[in-house]
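S.K.: Residue numbers (the UniProt record's numbering): 1 to 1247. The beta carbon of each residue, even a glycine, is placed where N, CA and C say it ideally should be. For clarity, every value in this text was computed on a predicted model and none was experimentally measured. Below are the structure tokens for one structure; questions will follow.
Listed below in structure tokens is the structure:
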């Protein structure tokens, strides 16, 4: 297996080694020797850097940290020109044309003035450079706005992690060059300010008059009394004075806490600095929370700028430092922080703070205490402080080392399939060009040697006048390279980029893909891939948030073997899309909801109950009122839901304190806690390690001892709490497979079986399920376990795995409480969209982390699976078992030829465990074969990596065009692996959107994106490229035929300027407008008849067959244009006045015939003519005629005088018209015959 199995497009590089620092010792042993392989960092706070962290020669710290100044721009004022020019001329086409310009500097190769020759390439390079400059200037502005932002740091403080740079010669030279660069930058900025300043001044004046200019207020300094009450300041000052002057306090002494927080720029923040943040401040660097204004040093942050999630997250400071309030307090901290190396994972952090409580002179290990730190203690750059008056933090990562910068890398570079197909055809053209030039060079040398041998009079009689054949052959070769240059279509790249940009812009403006709820249009992020949208054969889709709306509602519960919950009419219709709810069902649901609300009101004050209930069953209040065993089980069940979570509790309405809003990182968790609240078990507040819940109107407080958080490996979450009565309880919720494995043997088998049946029933209804369990933990066992867990949390390396291993020691012998079922509704229009895409010949695979039953039910609901299908289920425990099951399915349901035995359709269902074995290199080919024979595939319980591997399996195994669509961070890998990645801006954040090529708001927009815009883009790009090859080949062979009549001496039949502007002016508009506006059918027909999309899947519009048909057509038309003119003007005087026509007349006639023919040919190739078509043709012909008239009227022009000769010759007009008619006749005739006798699906639809 290759080292990086995900392929070259993946952003995962398993071969990359972490950077190595010169010397970074291990953290466990302070006095250990230097370990150069470690990349961990140690940050010293208010203590000198340990000696073995210094260079012995310079006494400077080994670890050099990045500054907090970020730079996302690509160029500077100094490097822009050389770097941009170098990058542009790395391309073969640009380098080729540059070489031709350089050749024509020499007189032997000079055809026209060098400025005329260089004009096309200079224009193209200038346009590209201008575009790059604008894009990079925007990056500079963005960087400056961030780097110059304000924050507060502790001033007049020595940060021992940094030392002033040494005044070496190298440093002085570097500073000098930086000064030059800064000066040039300021000069350019000054010019730009002069140009745009007046406009900005007017805009600012207007804003100030209207009062709409709002900017945050940043005083130069903030003192402690600005954010802490005076009473608290007195206590702090007294405690500090006691530390400095032991003894009884002086009665007349007054506390003075005068040290401020100083205003500073983000770019000046350093690792180890103390930073002070206020409410609504942006966080300038990744930092450890020291303390905050909230109890338990809690801090609420909004991570929308980082991961797109709008709900607030709760972070907590270091418990031992929660009394730190002022800069003076910060100076009293003596510690070092051992932190993991910088990495891009937003959801993990491992570090340890080692507090040193002894004096500076008497520091020993006995005076040190290690405090583990995790991601819950870290504030990340890019986030915003919310609902927190102030926060103090210590910076651990700055600038490029911060997680947001490590995650800001560009999406893997993708090129469209047509772009990739162009390259070999360009190389083929280059081979043709080289062959033709070789022929001309060889034949020219042969002619020269023959003339010299025969002593031809026109060769001269003196030996020195005769050109050496070798030299003449070489000159002819390079001259032909110059005159045949159009075969390398440099303008094609620009034209293709322009048309794709226009197509992407039109996709963005499509009102039919505008989502009113979110207010978003489709956002193309890779503007060069729109034609790939018309060639998609496989779609790989996530389920939750992609097919479903990710709006979670608690619907059913199984408690002690009894199922509760009534599905409402709306919920019933979402799980059964083919059925509509009746008025009777709606009324019964409303009656049940009212009965439950009335029953609850008899038990307690329902002030916390929501106005709209999601979980409804009137039996709940009845069973609670009975006081039986079931009542106790219900209380325990909902108490667990109210305690076992990490939600953020908010009371947004001060006038209504009973209104509680739960913000959770997962919509599932918020739905569970809200359901508990609406049933009478409201989580009211969480302060320090204490949680208060309202249990049927009675307040109870539980002490949180430990939280074992959920992760993708554990698939469960546990909380250890101490009840008010003193017992310790482990509460656990998670996937049924994980909970059932850890149940005690003392559980009632009947309840286990009933709960399992309920889980299967919920899954069949398309509901997401969880199991709940608990365990009473003896005090001694808990204390022993807590000690082990503290040791595991203190580890810097491999902390998560260690913590998971210790968690296993206590999560056992559980008692099952029941199960929950949450509904995630299908998005609007999903079934119809999938049905349409299936008709278009697109195969859809669903890759989800949900259990098999839930995924299968959603598959039926969204029309992916049909009731008439035979479902093939693969469940294996080994590679051999996987091979056996897959081969059995292949031989049982299909003939050896691959056709189904009974003519039925099949669907493949495979879980993550089986997929792990099936993706083994031995098993991959037959898995791919089975998947391709099935109409639909559902992969359940898959990991993000498995999603990417499945996409790659199909993309590389079949060379098929693949699209991946998802909405969460777990979909990023498959989105980047696919040819086209589509992100849905849903409720799981914007990670998928940021990594995608196209961002949409609803899955249903996918059908229009592919079947309309994708199909149009493929049609347009195909015709654009083929027409470029056609017209360049036509012109090339016209010049080549002339070589037979000029001894292959690289002679020109037409004026050289006609060749120079052939692509960029004379044939530009009709061709490029094909790539912008051409349509074979309108959008309505494209959606109503999706079957015509198969043109893109089978790639019938652009392939080598089409390429050769256009090239052969071009060769035929070049013969017509050249030889018709040749026959007309050969040895004849056609002018009525007897004027000699000459070579110039024939050349201009050939140019007129070919240019008009090429433009009309492009118009004929249009599928639908509009006024744009006619205007483009007339405008282009007008430009050509105007150029000839103006150019030929110049005395210095080689065409001077041609107007009076040629335009008064009737044969000229006859020749042009005949050339066009005869040249177009085969194409038009073939088109007619094909559409009449062998029409395609599109032809039939158009009729």
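Which residue from 84, 151, 89 and 442 puts its Cα closest to that of residue 132?
M.R.: For the residues 84, 151, 89 and 442, the minimum Cα distance to residue 132 belongs to 84.
S.K.: Return yes when the Cβ of residue 703 is within less than 9 Å of the Cβ of residue 685, no when it is not.
M.R.: Their beta carbons are not under 9 Å apart, which means residue 685 does not touch residue 703 by this criterion.
S.K.: What would DSSP say about residue 530, mapped onto helix, strand or coil?
M.R.: Here residue 530 sits in helix by DSSP.
S.K.: Quick check on residue 660: does DSSP put it in helix, strand or coil?
M.R.: If DSSP states are grouped into helix, strand and coil, residue 660 belongs with coil.
S.K.: What does a CB cutoff of less than 7 Å around residue 69 pick up in its chain, not counting 5 residues either side in sequence?
M.R.: The answer, listed in chain order, is 147, 267 and 399.
S.K.: Taking just the CA atoms, how far does residue 889 sit from residue 1067?
M.R.: Rounded to the nearest angstrom, the two C-alpha atoms are 57 Å apart.
S.K.: In whole angstroms, what separates the C-alpha of residue 332 from that of residue 664?
M.R.: One C-alpha to the other measures close to 36 Å.
S.K.: For residue 1044, which option in 118, 437 and 114 has the closest C-alpha, if you only look at C-alpha atoms?
M.R.: Checked all of 118, 437 and 114; the closest Cα to residue 1044 is 437.
S.K.: I'd like to check one pair, residue 779 with residue 728: are the Cβ atoms closer than 9 Å?
M.R.: Yes, the pair counts as a contact, with Cβ atoms nearer than the cut-off.
S.K.: Just tell me which of 873, 638 and 979 has its CA closest to the CA of residue 621.
M.R.: With distances taken between Cα atoms, residue 621 lies closest to 638.
S.K.: Cβ atoms of residue 532 and residue 1018: under 9 Å apart, would you say?
M.R.: Yes, the Cβ-Cβ distance between residue 1018 and residue 532 is below 9 Å.
S.K.: What does residue 906 pair with, by DSSP beta-bridge criteria?
M.R.: 870.
S.K.: Considering only residues of the segment 533 to 558, which uninterrupted beta strand (DSSP E) runs meet the minimum length of 3 residues and lie entirely inside it, listed in chain order?
M.R.: Qualifying beta strand (DSSP E) stretches, in chain order: 538 to 541.
S.K.: Sorted by chain position, which residues of the same chain lie with C-beta nearer than 7 Å to residue 864's C-beta, five sequence neighbours on each side aside?
M.R.: 834, 844, 846 and 936.
S.K.: Go to residue 815, then tell me how far its alpha helix (DSSP H) extends in each direction, as first and last residue.
M.R.: Unbroken run through residue 815 is the beta strand (DSSP E), 815 to 826; no alpha helix (DSSP H).
S.K.: Pop quiz: residue 907 and residue 934 are said to be a contact at Cβ under 8 Å. What is the actual Cβ separation, rounded to whole angstroms?
M.R.: With a Cβ gap of about 6 Å, residue 907 and residue 934 count as contacting.
S.K.: Compare the C-alpha of residue 495 against each of 1064, 1145 and 1114 and name the closest.
M.R.: Considering only alpha carbons, the answer is 1064.
S.K.: Taking residue 130 as the reference, give the member of 81, 1148, 157 and 94 with the closest Cα.
M.R.: When each option's Cα is compared against that of residue 130, the closest is 81.
S.K.: Inspect the beta-carbon positions of residue 414 and residue 979 and report whether they are closer than 9 Å.
M.R.: Yes, the pair counts as a contact, with Cβ atoms nearer than the cut-off.
S.K.: Would you be able to state if there are at least three C-beta pairs under 8 Å between the segment 384 to 397 and the segment 269 to 289?
M.R.: Yes, the segment 269 to 289 is in contact with the segment 384 to 397.
S.K.: Going straight from the alpha carbon of residue 1218 to that of residue 832, what length do you get?
M.R.: One C-alpha to the other measures close to 54 Å.
S.K.: Check whether the Cβ atoms of residue 318 and residue 371 lie closer than 9 Å to each other.
M.R.: Going by C-beta atoms, residue 318 is nearer than 9 Å to residue 371.
S.K.: Assuming residue 794 contacts residue 350 under a Cβ cut-off of 8 Å, what Cβ separation, rounded to an integer in Å, is found between them?
M.R.: The pair is not a contact, with the Cβ atoms about 10 Å apart (cut-off 8 Å).
S.K.: Return the chain-ordered list of same chain residues with a C-beta closer than 7 Å to the C-beta of residue 1110, the five sequence neighbours on each side being excluded.
M.R.: For residue 1110, where only same-chain residues beyond five positions count, the Cβ hits under 7 Å are 1026, 1029 and 1030.
S.K.: For a test of the three-state rule: what should DSSP assign to residue 785, helix, strand or coil?
M.R.: It is helical.
S.K.: Quick check on the DSSP output: the alpha helix (DSSP H) that includes residue 831 runs from which residue to which?
M.R.: That run of the alpha helix (DSSP H) goes 830 to 839.
S.K.: Considering just the uninterrupted stretch of the alpha helix (DSSP H) at residue 640, what are its terminal residues?
M.R.: Per DSSP, residue 640 belongs to the alpha helix (DSSP H) from 629 to 643.
S.K.: Here's the rule: buried if 16 or more other CB atoms are within 10 angstroms of the residue's CB, otherwise exposed. What is residue 392?
M.R.: Residue 392 should be labelled buried.
S.K.: Provide the residue span of the alpha helix (DSSP H) that contains residue 847, from first to last.
M.R.: First-last for residue 847: 843 to 847, but that is the beta strand (DSSP E), not the alpha helix (DSSP H).
S.K.: For residue 86 and residue 498, what's the separation of their Cα atoms in angstroms?
M.R.: Spanning the two alpha carbons is a distance of roughly 22 Å.
S.K.: Are there 16 or more other CB atoms within 10 angstroms of the CB of residue 142, so buried, or fewer, so exposed?
M.R.: Exposed, because fewer than 16 other Cβ atoms sit within 10 Å of the Cβ of residue 142.
S.K.: Where residue 1244 and residue 878 are concerned, what is the direct C-alpha to C-alpha distance, given to the nearest angstrom?
M.R.: Residue 1244 and residue 878: Cα-Cα distance of roughly 52 Å.
S.K.: By Cβ distance, which residues of its chain are closer than 8 Å to residue 483, with the 5 residues on each side in sequence left out?
M.R.: Cβ neighbours of residue 483 beyond the five flanking positions: 111, 1039, 1050, 1052, 1056 and 1059.
S.K.: Classify residue 1208 as buried or exposed, calling it buried when 16 or more other Cβ atoms lie within 10 Å of its own Cβ.
M.R.: Exposed.
S.K.: Mapping the DSSP letters down to three states, classify residue 420 as helix, strand or coil.
M.R.: Correct three-state label for residue 420: helix.
S.K.: Buried or exposed, going by whether 16 or more other CB atoms sit within 10 Å of the CB of residue 629?
M.R.: By the neighbour-count rule (16 or more Cβ atoms within 10 Å), residue 629 is not buried but exposed.
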